[in-house]
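Following the numbering used here, the numbering of the sequence shown begins with 5 at its first residue and continues without gaps.
Okay, so here's the structure we're looking at.
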Amino acid sequence: MKVDEKNNIISKISNIKTEQKAIKNVSQKPKDNDSDDIKVKISSQGVKLSEYVKKIKEIEGNRAEKIQNLKKSIEEGTYKVDAEKIADKIIKDYLQEIADE
């Protein structure tokens, strides 16, 4: 996942949190009765927020695991660089940048 995608997700989460605070402030009403029944309704934004948080945690976990594996293979001297794969990725990214302009 590119940094831009992660920043986009974080930005969306921030926007959702701000909107939820506004909704919470507007929708707070006094209790009509003294019943102990509590009903909770999660908005679609709340569902999206929880999905974004789950994705971020998943990404961070996967990334930490990859870093650990890389460190281990570097320390053991088993890390191999695939120059052709790197060159292909550089060329693809460059061509994509040109196409986006």
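Every residue, glycine too, gets a C-beta built ideally from N, C-alpha and C.
As the structure is a computational prediction, the values presented were derived from the model and not from experiment.
### Query
Who are the near neighbours of E64 in its chain, counting only those whose CB is closer than 6 Å to its CB and skipping five residues on each side?
Start at 1 with the first residue of the sequence shown, and residue 64 comes out as number 60. Cβ within range, chain order: n/a, list empty.
### Task
Please report the residue range of the alpha helix (DSSP H) in which K76 lies.
As a working mapping, residue 76 is identified with position 72 in the sequence shown. For K76, the uninterrupted alpha helix (DSSP H) run begins and ends at S48 to E80, by DSSP.
### Message
Please classify L53 as buried or exposed, where buried requires at least 16 other C-beta atoms within 10 Å of its C-beta.
### Response
For this step, residue 53 is matched to residue 49 along the sequence shown. Counting Cβ neighbours within 10 Å, L53 comes out buried, since at least 16 surround it.
#### Entry: Segment limits, alpha helix (DSSP H) that includes K96
The count along the sequence shown starts at 1 and reaches residue 96 at position 92. Segment A87 to D104, the alpha helix (DSSP H) holding K96.
### Query
What distance in whole Å lies between the Cβ atoms of I20 and I60, which are believed to be in contact at a cut-off of 8 Å?
Your numbering for residue 60 matches position 56 in the sequence shown. Your numbering for residue 20 matches position 16 in the sequence shown. Contact flag wrong, Cβ pair sits at about 13 Å.
### DSSP state of K25 mapped onto helix, strand, coil
If you number the sequence shown from 1, residue 25 lands on position 21. Reduced to three states, the DSSP call for K25 is helix.
#### Entry: Anticipated Cβ contact below 8 Å, V57 with I17, distance rounded
In the sequence shown, counting from the first residue as 1, residue 57 sits at position 53. In the sequence shown, counting from the first residue as 1, residue 17 sits at position 13. With a Cβ gap of about 7 Å, V57 and I17 count as contacting.
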